[in-house]
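For the sequence shown, the positions run 382 to 843 when the numbering used here is used.
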Amino acid sequence: MRNNNGDIIHEAGAHLPRHLHEEPVHESERKAPSGKGNVIFALLLAVAVLLGILTAVKFNSFVKEESTKLIREVTVEAGSSANFAMFWNEEPRFASLVSETLDFEGVDYSYPQDIVFRVSILNRNYDCALHIADTTAPVAEAIPQEMTSVDEIPDVYSCITGISDISGYSAEWLSVPDISSGGDLIAQAAVTDVWGNQTVIDVPFTVHHDTIPPVIVGTSDITAYVGDTISYRSGVNVRDNMDDSCTLEIDNAGVDLSTAGTYEVTYIATDFTGNQSTETITLTLKDRPATYVEPELVYAAADEILATIITDDMTDMEKALQITWWCRYNLHYVEHADTSSWTRAAYDALVLRTGTCYSFAYAAKALFTEAGIESVIVKREPYTYSKHYWNYICIDGQWYHCDSTPRKHYNSYFFMYTSEELIAFHHSGWYGYRFDESKYPASATESVQYMIDYPRHRIKDQ
382 MRNNNGDIIH
392 EAGAHLPRHL
402 HEEPVHESER
412 KAPSGKGNVI
422 FALLLAVAVL
432 LGILTAVKFN
442 SFVKEESTKL
452 IREVTVEAGS
462 SANFAMFWNE
472 EPRFASLVSE
482 TLDFEGVDYS
492 YPQDIVFRVS
502 ILNRNYDCAL
512 HIADTTAPVA
522 EAIPQEMTSV
532 DEIPDVYSCI
542 TGISDISGYS
552 AEWLSVPDIS
562 SGGDLIAQAA
572 VTDVWGNQTV
582 IDVPFTVHHD
592 TIPPVIVGTS
602 DITAYVGDTI
612 SYRSGVNVRD
622 NMDDSCTLEI
632 DNAGVDLSTA
642 GTYEVTYIAT
652 DFTGNQSTET
662 ITLTLKDRPA
672 TYVEPELVYA
682 AADEILATII
692 TDDMTDMEKA
702 LQITWWCRYN
712 LHYVEHADTS
722 SWTRAAYDAL
732 VLRTGTCYSF
742 AYAAKALFTE
752 AGIESVIVKR
762 EPYTYSKHYW
772 NYICIDGQWY
782 HCDSTPRKHY
792 NSYFFMYTSE
802 ELIAFHHSGW
812 YGYRFDESKY
822 PASATESVQY
832 MIDYPRHRIK
842 DQ
């Protein structure tokens, strides 16, 4: 019902609708959730946190376990190589989760260096280092040395060979023995590379202590004429057991070439250790005979002949062959000739084309001299019936016998025979080449007869 103001009023005891009957409740007066719901929420949150912690712990443990397998530094020898597997003492469980920043195949392993790179294990980074080092000493071998007690110790590099090292190196003598007394000795050479690695090599030394004096060969008494030029050294040589370059001095201070007489001349040979020997000869100077010929005339005659039989492109052996052949078949042997001087005999042989064996030998010697071939005259001794003379020439440092004097019933000549071959020669029971070998330079020992075409007087094509 409504009142006078139009408002709706209810009678006492009348039932009102529920939403009109209840008074509104303030928000602050609403009831809170029950305690059971809070506990569940807290438990769920705690479980989530615990699981996160357990997962993190397990992750960290896994990463830590994997990292213990990682070798942080590895050293390899220069010249070798390396790979990533060398940085693990045990294979990682999940290799796909591991990465590195170094290209091992692109590294130059030929020289020592330190390379730092990064390894990632499940996004955890670790610094690692690859060390390339040279710890290998050089390789070398000794070259045994043979020397004399007065030699200088050779350069160390000439005493070692086969030196090998990946880097640069140097060598020096670590110790050298006293060689003055000779013997079998050891010197030590040190080969060191740039990184300080060192190899010590024992170098054997065989040291000869020389006490044997040299021997003078080829000396003989000289007969010449007043005013002649004396060739004291012609045909004279020095032999030594160790020294190929002994000194030879000639003491002719007492000789007066302008006065006839007999003089002593002394040869003095000294080797490199100071060992010395002497030989004394007699120089007899005579007044020149009336038939004497000046040497210049002899050599001029020789030059005229050489111009027709030799050429500049010939070897000494070829020139010597032409000279020996020419004398054999262009000079005529006679029983008697003027041999008052070698110049007379040689001149008559070259110009008149006649002479004895003495004339043949000296004519050939003049030709050899002008052709630039060293030669001496050899004399048969001892002899039974007659003297004999022939030539001894030096070709390529070796001495050989040549004889152009004709022999009865022997239509040939002797060219470049060794002493052994010449002494062994016989014809119709004749052995005529005896001589004192000690007076002349040592003969060649290897025969060259297979090279000589005697009929055509030429050297065979080899």
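Every residue, glycine too, gets a C-beta built ideally from N, C-alpha and C.
Quick caveat, the model's predicted, so the values are computed rather than measured.
Bounding residues of the alpha helix (DSSP H) (the contiguous stretch that carries S740)
From DSSP, the alpha helix (DSSP H) with S740 extends over C738 to E751.
Reducing DSSP to helix, strand and coil, say where R840 ends up.
The displayed chain sequence assigns Ile, not Arg, to residue 840. In this structure, I840 counts as strand in the three-state DSSP scheme.
Where does R815 fall in DSSP's three states?
R815 falls in the coil class under three-state DSSP.
Tell me which residues share the same chain as D684 and place their Cβ nearer than 8 Å to its Cβ, disregarding the 5 neighbours each side in the sequence.
When the five nearest sequence neighbours on each side are left out, the beta carbons in the same chain lying within less than 8 Å of the beta carbon of D684 are those of E751, in order along the chain.
Could you tell me if S561 is buried or exposed, where buried requires 16 or more neighbouring beta carbons within 10 angstroms of its beta carbon?
Burial call: exposed.
Among L566, D621, P558 and T689, whose alpha-carbon lies nearest the alpha-carbon of P822?
Nearest of L566, D621, P558 and T689 to P822, Cα basis: D621.
Hey, how far is the Cα of Y490 from the Cα of G460?
If you take the alpha carbons of Y490 and G460, they lie about 5 Å apart.
Going by the beta-carbon positions, is the gap between I541 and A571 smaller than 7 Å?
No, they are not a contact pair.
Can you confirm whether the stretch 664-684 touches the stretch 720-732 when touching is taken to mean that 3 or more C-beta pairs between the two stretches lie within less than 8 Å?
Segments in contact, yes.
P525 burial status per 10 Å Cβ neighbour count (16 or more: buried)
Label assigned to P525: exposed.
In whole angstroms, give me the CA-to-CA distance for I611 and Y770.
When rounded, the distance between both Cα atoms is 20 Å.
Closest to E527 by C-alpha separation, out of K841, R734 and M623, would be which residue?
The shortest Cα separation from E527 among K841, R734 and M623 belongs to M623.
Could I get the ranges of all uninterrupted beta strand (DSSP E) runs contained in the stretch 522-550, with 3 residues as the minimum, in chain order?
Counting only runs of 3 or more, we get 526-529 and 541-545.
Helix, strand or coil for M797, going by three-state DSSP, please let me know.
Strand.
Got a sec, what are the start and stop residues for the beta strand (DSSP E) L451 sits in?
First-last for L451: undefined, no H or E at that position.
Assuming Y854 and D784 make a contact with CB atoms under 8 Å, what is their CB distance in whole Å?
For the chain, the structure presents residues 382 to 843; residue 854 sits outside this window and is missing.
Could you give the DSSP three-state label for N419: helix, strand or coil?
If DSSP states are grouped into helix, strand and coil, N419 belongs with the helices.
My assumption, with CB atoms under 8 Å, is that F796 sits in contact with I833. Please give the rounded CB distance.
Separation of the CB atoms of F796 and I833 is rounded to 6 Å, and the pair is thereby assigned contact status at 8 Å.
Q657: which of T482, V455 and P594 sits nearest, CA to CA?
Of all alpha-carbon atoms in T482, V455 and P594, the one lying nearest the alpha-carbon of Q657 is that of P594.
Under the three-state reduction of DSSP, which class applies to V584: helix, strand or coil?
Residue state, collapsed to three classes: strand.
Nearest CA to the CA of V339: which residue from I496, C775 and V581?
This structure leaves residue 339 out entirely; the chain is present only between 382 and 843.
Candidates Y710, F475, V674 and P519, of which the one nearest S501 by Cα:
Across the set Y710, F475, V674 and P519, the C-alpha of F475 shows the shortest separation from the C-alpha of S501.
Beta-carbon gap between S530 and V588 smaller than 7 Å
Between S530 and V588, the C-beta gap is smaller than 7 Å, which places the two residues in contact.
Leaving aside the five residues before and after D668 along the sequence, list all residues of the same chain whose C-beta is less than 8 Å from its C-beta, in chain order.
Excluding sequence neighbours, D668 sits near Y606, V607 and A641.
So for T705, helix, strand or coil by DSSP?
Here T705 carries a helix assignment [DSSP, helix/strand/coil].
Outcome for T600 when other beta-carbon atoms lying within 10 angstroms are tallied against a minimum of 16
Buried, by the Cβ-count rule.
Applying the 10 Å Cβ sphere with the 16-neighbour rule, what's the burial state of G418?
Answer is exposed; the Cβ neighbour count stays below 16.
For H402, which residues from the same chain have a beta carbon less than 7 Å from its beta carbon, with the 5 sequence-adjacent residues on both sides left out?
In this prediction, H402 scores a pLDDT of 48, lower than 50, which makes its location untrustworthy; the coordinate-derived value is nonetheless stated afterwards. The answer is none, since no qualifying residue turns up.
Would you report the Cα separation of H838 and A742, rounded to the nearest angstrom?
When rounded, the distance between both Cα atoms is 19 Å.
Spell out the partners DSSP gives V646 in its beta bridges.
Bridge partners of V646: I662.
For R368, count the other beta carbons within 10 Å of its own beta carbon; 16 or more makes it buried, fewer makes it exposed. Which is it?
Because the chain is modelled from 382 through 843, residue 368 falls outside the range shown and cannot be assessed.
Please name the residue in V598, G635 and L702 whose C-alpha comes closest to that of L629.
The residue from V598, G635 and L702 with its alpha-carbon nearest to that of L629 is V598.
Beta strand (DSSP E) segment containing R499, residue limits
Per DSSP, R499 is one residue of the beta strand (DSSP E) stretching across Q494 to I502.
T689 classed as buried or exposed, judged by whether at least 16 other C-beta atoms fall within 10 angstroms:
In summary, T689 is exposed, with fewer than 16 beta-carbon neighbours lying within 10 Å of its beta-carbon over all protein chains present.
Buried or exposed for K746, please, with buried defined as at least 16 other CB atoms from any protein chain shown within 10 angstroms of its CB.
Label assigned to K746: buried.
Relative to the C-alpha of T517, which residue among L566, Q579 and Y507 is closest?
Nearest of L566, Q579 and Y507 to T517, Cα basis: Q579.
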